[in-house]
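Residue numbering for the sequence shown follows the numbering used here, starting at 10 and increasing by one per position. Backbone N, C-alpha and C fix where the C-beta goes; we use that ideal spot for every residue, glycine too.
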Amino acid sequence: MTTLNKTPVTVITGFLGSGKTTLISHLIRNAGGRRLAVVVNEFGTLGVDGEILKSCAIPDCPAENIVELANGCICCTVADDFVPTVEALLAMQPPPDHILIETSGLALPKPLLKAFDWPAIRSRITVDGVIALADAEAVAAGRFAPDLAAVEAQRAADDSIDHETPLSEVFEDQISCADVILLTKCDLAGAEGIAKARAVIAAESPRPIPVVEITEGVIDAAVILGLNAAAEDDLAARPSHHDGHDDHEHDDFDTIIVQLPEIDDLAALTAKIEQMARDLDILRVKGYVAVKGKPMRALVQAVGARVRHQFDRPWNAAEPRVTRLVVIAEHDRIDAAKIHAALGV
Numbered sequence: 010m011t012t013l014n015k016t017p018v019t020v021i022t023g024f025l026g027s028g029k030t031t032l033i034s035h036l037i038r039n040a041g042g043r044r045l046a047v048v049v050n051e052f053g054t055l056g057v058d059g060e061i062l063k064s065c066a067i068p069d070c071p072a073e074n075i076v077e078l079a080n081g082c083i084c085c086t087v088a089d090d091f092v093p094t095v096e097a098l099l100a101m102q103p104p105p106d107h108i109l110i111e112t113s114g115l116a117l118p119k120p121l122l123k124a125f126d127w128p129a130i131r132s133r134i135t136v137d138g139v140i141a142l143a144d145a146e147a148v149a150a151g152r153f154a155p156d157l158a159a160v161e162a163q164r165a166a167d168d169s170i171d172h173e174t175p176l177s178e179v180f181e182d183q184i185s186c187a188d189v190i191l192l193t194k195c196d197l198a199g200a201e202g203i204a205k206a207r208a209v210i211a212a213e214s215p216r217p218i219p220v221v222e223i224t225e226g227v228i229d230a231a232v233i234l235g236l237n238a239a240a241e242d243d244l245a246a247r248p249s250h251h252d253g254h255d256d257h258e259h260d261d262f263d264t265i266i267v268q269l270p271e272i273d274d275l276a277a278l279t280a281k282i283e284q285m286a287r288d289l290d291i292l293r294v295k296g297y298v299a300v301k302g303k304p305m306r307a308l309v310q311a312v313g314a315r316v317r318h319q320f321d322r323p324w325n326a327a328e329p330r331v332t333r334l335v336v337i338a339e340h341d342r343i344d345a346a347k348i349h350a351a352l353g354v
């Protein structure tokens, strides 16, 4: 049976470590009866987020409905990756009721919305909404959006400063494109931090955008799914630093993979990651760790010097017990030799 109804797609964007995977894990388990499919666009070749989500699979969102695209930004690989993936999901029996797209933490969401105009899929899917996650603690600290008065003072004092840093541009583009902003890590930010984060977001928002505070990705799916925003037809209301550009680059950031043998002490490795992040301006570390004597695999995720780890599942008999970590930093800050030295390779 054919239908003229378009399948809704929710784009979930947000900076590195803002909680996108945690949110999607919650939505998978609490979808309100919807059959979900998930597309994960990772930065780098080690599919950490995809594996986390597959471990959350349930009958309404089985593992085969969770697809990883790690060959580059999906808005840059529309014909090769994005369109075939969407077509394959729509051909499933039964087809999904709703598709979630988790963008890379470095992604600019507006070019992705333009990809929905691709002839093969534009009559079959619509962007139900763009959800931007913002780490309340980090935003309150001014890491991604500078104080406007301070920026103007710097510009007045130094004619060479005529644009913002790549990180703030990514943050602002994500906020500007959103239909709803989810303020995460609120338990870490506290009341004062939340108020500061809200003020920063309000200053960067091109129009009134709802801001919802959440912790550990918990939110009623009805709040963010079913918005009917048709965002692909509303691009003019979503300004970007890159408007007027025919394409966009991802050369501001770089990634390397560090492989280690089994380690003796997980806490010691965590301390090394924290110190490396401080010394080398590392943005993000994520991966899996093999700990001697432990049958379970350890999942490690770091945002700056804030590191979290947990044992997520037993090692499979066929997989090698090695430690593999993805390290992401700005292009001119990443130094493979120093990173390997910091981690003891």
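Bridge partner(s) assigned by DSSP for His250: For this step, residue 250 is matched to residue 241 along the sequence shown. For His250, which the question treats as bridged, DSSP gives no partner whatsoever.
Rounded C-alpha distance that separates Gly114 from Asp263: Translated into positions along the sequence shown, residue 114 becomes position 105. Translated into positions along the sequence shown, residue 263 becomes position 254. Cα-Cα distance, rounded: 12 Å.
For Leu142 and Glu96, the rounded distance between their alpha carbons: Counting from 1 along the sequence shown, the entry for residue 96 is found at position 87. Counting from 1 along the sequence shown, the entry for residue 142 is found at position 133. Rounded to the nearest angstrom, the two C-alpha atoms are 27 Å apart.
Span of the alpha helix (DSSP H) around Leu197: To locate residue 197, count along the sequence shown from 1; it is residue 188. That run of the alpha helix (DSSP H) goes Cys195 to Glu213.
Candidates Pro104, Ile108 and Lys347, of which the one nearest Ile265 by Cα: One-based indexing of the sequence shown puts residue 265 at position 256. It is Lys347.
Opening and closing residue of the alpha helix (DSSP H) in which Ile33 lies: Residue mapping note: residue 33 aligns to position 24 of the sequence shown, counting from 1. Looking at the DSSP string, the run of the alpha helix (DSSP H) that includes Ile33 is Lys29 to Arg38.
N- and C-terminal bounds of the beta strand (DSSP E) containing Met7: There is simply no residue 7 to check, as the chain begins at 10 and stops at 354 in what is shown.
Length of the line joining the Cα atoms of Pro215 and Glu328: Residue mapping note: residue 215 aligns to position 206 of the sequence shown, counting from 1. Residue mapping note: residue 328 aligns to position 319 of the sequence shown, counting from 1. Going by the C-alpha atoms only, they are around 48 Å apart.
Exposed unless 16 or more other CB atoms sit within 10 angstroms - verdict on Asn50: On the sequence shown, residue 50 is found 41 positions in, with the first residue counted as 1. Asn50 is buried by the Cβ-count criterion.
Beta strand (DSSP E) segment containing Ile21, residue limits: Translated into positions along the sequence shown, residue 21 becomes position 12. Counting along the chain, the beta strand (DSSP E) containing Ile21 begins and ends at Thr16 to Gly23.
contact_flag[the stretch 196-203, the stretch 33-44] where n(CB pairs < 8 Å) is 3 or more: no
Delimiting residues of the alpha helix (DSSP H) encompassing Arg287: Position 278 of the sequence shown, counted from the first residue, corresponds to residue 287. It spans Leu275 to Leu289 - the alpha helix (DSSP H) in which Arg287 sits, taken as one unbroken run.
Nearest neighbour of Ala246, chosen from Arg152, Phe180 and Ile184 [CA to CA]: Within the sequence shown, numbered from 1, the residue matching residue 246 stands at position 237. Closest by alpha carbon: Ile184.
Same chain, Cβ closer than 8 Å to Ala230, five either side skipped, listed in chain order: Within the sequence shown, the letter at position 221 stands for residue 230. Excluding residues within five positions, the ones whose Cβ falls inside 8 Å are Leu36, Asn39, Ala40, Gly41 and Arg43.
As assigned by DSSP and simplified to three states, the class of Val232: Reading the sequence shown from its first residue, position 223 is the one you call residue 232. Here Val232 sits in helix by DSSP.
contact_flag[the stretch 318-333, the stretch 230-243] where n(CB pairs < 8 Å) is 3 or more: no
For Gln102, three-class secondary structure by DSSP: Translated into positions along the sequence shown, residue 102 becomes position 93. Coil.
Check whether Leu238 and Gly302 have beta carbons under 7 Å apart: Within the sequence shown, the letter at position 229 stands for residue 238. Within the sequence shown, the letter at position 293 stands for residue 302. In the sequence under discussion, the amino acid at residue 238 is Ala, which differs from the Leu named in the question. No, Cβ-Cβ distance for Ala238 and Gly302 is not below 7 Å.
Cβ shell of Leu236 (< 6 Å), same chain only, five flanking positions each side left out: Taking the first residue of the sequence shown as position 1, residue 236 is located at position 227. Cβ within range, chain order: Asp137, Gly138 and Asp188.
Buried or exposed (CB count within 10 angstroms, at least 16 for buried), Ser27: For this step, residue 27 is matched to residue 18 along the sequence shown. Flag for Ser27 reads buried.
Run of the alpha helix (DSSP H) containing Glu146, from where it starts to where it stops: Along the sequence shown, one-based indexing puts residue 146 at 137. Note, Glu146: alpha helix (DSSP H), Ala145 to Ala149.
Supposed contact pair Ile291 and Val336 - C-beta distance, whole angstroms, cut 8 Å: Here residue 336 is taken as the residue at index 327 of the sequence shown, counted from 1. Here residue 291 is taken as the residue at index 282 of the sequence shown, counted from 1. Contact holds; Cβ gap of about 6 Å.
Cutoff 7 Å: Ile291 Cβ touching any chain C Cβ: Included in the structure is just one protein chain, with no chain C present.
Helix, strand or coil at Arg342 [DSSP, three-state]: In the sequence shown, residue 342 corresponds to position 333, counting from 1. If DSSP states are grouped into helix, strand and coil, Arg342 belongs with the helices.
Buried versus exposed, by CB contacts within 10 Å (16 or more), Val298: By one-based count along the sequence shown, residue 298 stands at place 289. Answer is buried; the Cβ neighbour count reaches 16.
Thr22 vs Thr112 beta-carbon contact at 7 Å: Residue numbering aside, residue 22 sits at position 13 when the sequence shown is read from its first letter. Residue numbering aside, residue 112 sits at position 103 when the sequence shown is read from its first letter. In contact: Thr22 and Thr112 (Cβ atoms closer than 7 Å).
Contact check, Arg306 vs Asp321, beta carbons under 7 Å: In the sequence shown, counting from the first residue as 1, residue 306 sits at position 297. In the sequence shown, counting from the first residue as 1, residue 321 sits at position 312. Taking 7 Å as the Cβ cut-off, Arg306 and Asp321 qualify as a contacting pair.
Contacting residues, own chain, Cβ-Cβ under 6 Å from Ala46 (five flanking each side not counted): As a working mapping, residue 46 is identified with position 37 in the sequence shown. Only Asn74, Leu98, Pro105 and Ile108 meet the Cβ criterion.
Beta-carbon gap between Ile134 and Lys281 smaller than 7 Å: Position 125 of the sequence shown, counting from 1, holds the residue named residue 134. Position 272 of the sequence shown, counting from 1, holds the residue named residue 281. No, the pair does not count as a contact, with Cβ atoms beyond the cut-off.
Leu109 - containing beta strand (DSSP E), residue span: Residue 109 sits at position 100 when you count from the first residue of the sequence shown. Its beta strand (DSSP E) spans residues His107 to Glu111.
Outcome for Val227 when other beta-carbon atoms lying within 10 angstroms are tallied against a minimum of 16: Locating residue 227 in the sequence shown gives position 218, where the first residue counts as 1. Val227 should be labelled exposed.
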